[in-house]
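Visitor: My questions all concern the structure below.
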Ligand SMILES: Cc1ncc(C[n+]2csc(CCOP(=O)(O)OP(=O)(O)O)c2C)c(N)n1
Ligand SMILES: [Mg+2]
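Protein chains in written order, with full-length UniProt numbering: chain S, 1 to 325; chain U, 1 to 282.
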């Protein structure tokens, strides 16, 4: 197992803030909008640097999305900022009609996604946003795993022409990917090559997958770990190549098991390479109040559950091979 | 209203404010500012002006109903419900903790008595209150429906869709109130997105509007009674509460900084010495 270490923990939303500032420096067409959550979205540095390119819209997310669509007409590249719940469910039809269907170059940037939002509870913890966004034709959906990757992704989506949903989170988590990396939209990242099982992880679950990989290695299981940061368009080639080798799959995400990364992978495999798969995801429920760590444990989104899922799926794959013999 | 009654409500308010800062301190999260500012209004409603039954029934027939649209001020709501007898006051200590019925924002999902709809995502509560008021009319039930909203919350368009409907359809058994503290997360409302004259806005939308000091118990009670007098006359009624965010704790008062920040140990003690323990802490 390849060794991953970290020297500090940071929140992915701060990676967004840093990336937005850099994107703003590189391209004067980059503009930003926020709905009364500047501090939470870490947009202050951008605002200080480019006050005339920032719009505070107040607590009015629908208006924000509509205005962002309008700002693209004439060439601006708008980044909208609010919590993931208010970035998606709250404004779905505005995104659908004015952004996705109209093919507008809007970057919908969503913080506090998933359970790790913590104490605010289920009203704010959206676990359905990846599904909502990936169902929109033409929408690119990205969920980043640490500060560096989020910063790089923010810079990359500014350079890409088309609507993007960029999802990140609230808590501080290990910074384990390379600083100043190049982020390739739609290209999976090989975290660890292995042969026994393919673990596809996104967002905060990537670090958990690495921890799981270490535990499995200690037991003699050589897991391939792949980070799917871009859920749409999915890197099908990377998925198929890996599963052709390992024969079984675990997917891990901070999202409802319905409609997330797991389903995207299952859909590819079902038609091209049917394989046993186990989901590490929220089992079709809302979240609740608690600390991020408590919730990730309670809802089974940690390395321990990834290890268990790997053992289950390898057993299924093994017995299937047995039947075939 | 006689003086002894006002004094009683004031002493209740002091206890509720203690509950608020203690709850938020205990889990180190939550929203003390708006909670403290709205304490007097909620105390007046639940302990004087609303007819309600702590033996909770979702349908609330023949009862006055209250909807908290600015759900982030759940601490004040939970304290009021507990102190009214909807559930044990000891449960306040579980606020925002794993497995609690006292979720970060009010929810029906955990079955907490006194809550009739989830809130937290802003801007939705007026529509729900209008629906409940329509049901009361259809049922021939002549009790009132009350709702409370933040002033920042009024920036949500849905509020104005609801406002238009209520006036057009003469939903005159509805008494809504706005916590006009002039503050929201990113700063004063006038800096973030100015609301202009709320009085003129609501009047223009066809509502009957009254204004009151929101942190003066006698005036708050007077305003609710006046609102009741003006109800059932063809217009929904709006009470604009001029409050101070963080009212009752000097270092929290008047600033958006305390919208959603928990006090540390030292700050908790500094707050508690300003708030008399009148009914016994939970
Ligand atoms: C739809 C929606 N957008 C954003 C938020 C995040 N948020 C929570 S409270 C708040 C500010 C509310 O301001 P106000 O209504 O004036 O309440 P106060 O701060 O005075 O308590 C915001 C933006 C939310 N809860 N819901
Ligand atoms: Mg306010």
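Built from N, CA and C at the ideal position, the CB exists for glycine as well.
(1) Measure from the C-beta of residue 220(S) to each C-beta in chain U and report whether the shortest distance is under 8 Å.
(2) Taking the alpha-carbon positions, what's the residue 49(U) to residue 129(S) distance?
(3) For residue 120(S), decide whether its Cβ has a neighbour in chain B, counting only Cβ atoms nearer than 8 Å.
(4) Answer yes or no: the CB of residue 151(U) versus the heavy atoms of ligand 1, is any distance below 7 Å?
(5) Quick check on the DSSP output: the alpha helix (DSSP H) that includes residue 79(S) runs from which residue to which?
(6) Three or more C-beta pairs under 8 Å: does that hold for the stretch 252-259 of chain S against the stretch 63-70 of chain U?
(7) Who are the neighbours of residue 193(U) on chain S, taking C-beta pairs under 9 Å?
(8) Assess contact between the stretch 163-175 of chain S and the stretch 112-120 of chain S, defined as three or more Cβ pairs (one per stretch) separated by less than 8 Å. Is contact present?
(9) Could you run through the stretch 274-297 of chain S and flag, in chain order, every residue whose CB is less than 9 Å away from some CB of chain U?
(10) Let me check you understand the geometry: is the CB of residue 331(S) closer than 7 Å to at least one non-hydrogen atom of ligand 1?
(11) Pairs of beta-carbons, one from the stretch 145-156 of chain S and one from the stretch 203-219 of chain S, closer than 8 Å: are there three or more?
(12) Contact criterion: CB-CB distance below 8 Å. Does residue 121(U) meet it with respect to chain S?
(13) Taking Cβ positions only, does residue 90(U) come closer than 8 Å to chain S?
(14) Which whole-angstrom value describes the C-beta separation of residue 237(U) and residue 44(U), a residue pair presumed to lie in contact below a C-beta threshold of 8 Å?
(15) Between the stretch 18-36 of chain U and the stretch 84-99 of chain U, are three or more C-beta pairs nearer than 8 Å?
(16) Which chain S residues are close to residue 33(U), counting only those with a beta carbon under 8 Å from its beta carbon?
(17) I want to verify the contact list: residues of chain S whose CB lies under 8 Å from the CB of residue 107(U), in sequence order.
(18) Give a yes or no on whether 8 Å exceeds the smallest Cβ distance from residue 97(U) to chain S.
(19) If contact is defined by three or more beta carbon pairs under 8 Å, each pair taking one atom from either stretch, is the stretch 170-180 of chain U in contact with the stretch 238-255 of chain U?
(20) Mind checking the stretch 179-193 of chain U against chain S and listing, in chain order, the residues whose C-beta falls within less than 7 Å of any C-beta there?
(21) Give a yes or no on contact between the stretch 174-184 of chain S and the stretch 121-135 of chain S, applying the rule of three or more CB pairs nearer than 8 Å.
(22) Verify the CB distance criterion: does residue 324(S) have a CB-CB separation below 8 Å to chain U?
(23) Can you tell me which of 209(U), 104(U), 194(U), 245(U) puts its alpha carbon nearest to the alpha carbon of residue 234(U)?
(24) Quick check for students: name the residue ranges of the beta strand (DSSP E) that lie wholly in the stretch 106-165 of chain U, counting only runs of 3 or more.
(25) Say whether chain S places a C-beta atom closer than 8 Å to the C-beta of residue 27(U).
(26) Given a cut-off of 8 Å, decide if residue 303(S) and residue 217(S) are closer than it, judged by their beta-carbon atoms.
(27) On the three-pair Cβ rule with 8 Å, is the stretch 5-22 of chain S touching the stretch 42-51 of chain S?
(28) So, with DSSP's three-state summary, where would you put residue 99(S)?
(29) Closer than 8 Å by beta-carbon distance: list the chain U residues that pair up with residue 63(S), in chain order.
(30) Just the C-alpha distance for residue 39(S) and residue 186(U), rounded to the nearest angstrom, thanks.
(31) Is any heavy atom in ligand 4 found nearer than 7 Å to the beta carbon of residue 88(S)?
(32) Among all the DSSP beta bridges, which residues are the ones paired with residue 273(U)?
(33) Could you list which residues in chain U have their beta carbon closer than 7 Å to that of residue 256(S), in chain order?
(34) Which two residues bound the contiguous beta strand (DSSP E) that contains residue 154(S)?
(35) Going by the CB atoms, is the gap between residue 237(S) and residue 198(S) shorter than 8 Å?
(36) If you follow the alpha helix (DSSP H) that residue 7(U) is part of, which residue opens it and which one closes it?
Guide: Judging by the given coordinates:
(1) No, no contact with chain U.
(2) Straight-line Cα distance between these residues: approximately 42 Å.
(3) This model lacks chain B altogether, as its protein chains are S and U.
(4) Checking every heavy atom of ligand 1 against the Cβ of residue 151(U), one is found closer than 7 Å.
(5) Where residue 79(S) is concerned, there is no enclosing alpha helix (DSSP H), although the beta strand (DSSP E) it sits in stretches over 77-83.
(6) Counting Cβ pairs under 8 Å, fewer than three are found: no touch.
(7) 36, 56, 57, 58, 59, 60, listed in chain order.
(8) The stretch 163-175 of chain S is in contact with the stretch 112-120 of chain S.
(9) Against chain U - using a Cβ distance shorter than 9 Å - the residues of the stretch 274-297 of chain S are 286, 288, 289, 290, 291, 294, 295.
(10) There is no way to answer for residue 331(S), as the model of chain S reaches only from 1 to 325.
(11) These segments touch.
(12) Yes, its Cβ sits closer than 8 Å to a Cβ of chain S.
(13) Cβ-Cβ to chain S under 8 Å: no for residue 90(U).
(14) So it is not a contact: roughly 15 Å between Cβ atoms.
(15) Yes, since at least three Cβ pairs between the stretch 18-36 of chain U and the stretch 84-99 of chain U fall closer than 8 Å, the two stretches touch.
(16) Per Cβ cutoff of 8 Å: no residues; residue 33(U) is ~14 Å from chain S at best.
(17) Annotation: Cβ neighbours of residue 107(U) in chain S (cutoff 8 Å, chain order): 121, 122, 123.
(18) For residue 97(U), the answer is yes, since a Cβ of chain S falls inside 8 Å of its Cβ.
(19) Enough Cβ pairs lie closer than 8 Å, so yes.
(20) Within the stretch 179-193 of chain U, the residues whose Cβ lies closer than 7 Å to some Cβ of chain S are 184, 185, 186, 192, 193, listed in chain order.
(21) No, the stretch 174-184 of chain S does not touch the stretch 121-135 of chain S.
(22) Here residue 324(S) scores only 48 on pLDDT, less than 50, and its place in the model is too uncertain to base an answer on.
(23) Per the Cα distances, 209(U).
(24) Runs found: 145-150.
(25) Answer yes: the Cβ-Cβ gap between residue 27(U) and chain S drops below 8 Å somewhere.
(26) In this structure, residue 217(S) lies away from residue 303(S), with their beta-carbon atoms at least 8 Å apart.
(27) Segments in contact, yes.
(28) Shown here, residue 99(S) sits in a helix according to DSSP, grouped into three states.
(29) Going along chain U in sequence order, the residues near residue 63(S) (Cβ under 8 Å) are 157.
(30) Those two C-alpha atoms are separated by around 7 Å.
(31) Only ligand 1 and ligand 2 can be found as ligands here, which leaves ligand 4 out of the picture.
(32) According to DSSP, residue 273(U) bridges with nothing at all.
(33) Ordered by position in chain U, no residue passes the 7 Å Cβ test against residue 256(S), which lies about 15 Å from the chain.
(34) Boundaries around residue 154(S) are those of the alpha helix (DSSP H), 147-159, since no beta strand (DSSP E) includes it.
(35) Not in contact: residue 198(S) and residue 237(S) (Cβ atoms no closer than 8 Å).
(36) In the DSSP annotation of this structure, the continuous segment of the alpha helix (DSSP H) that includes residue 7(U) starts and ends at 3-27.
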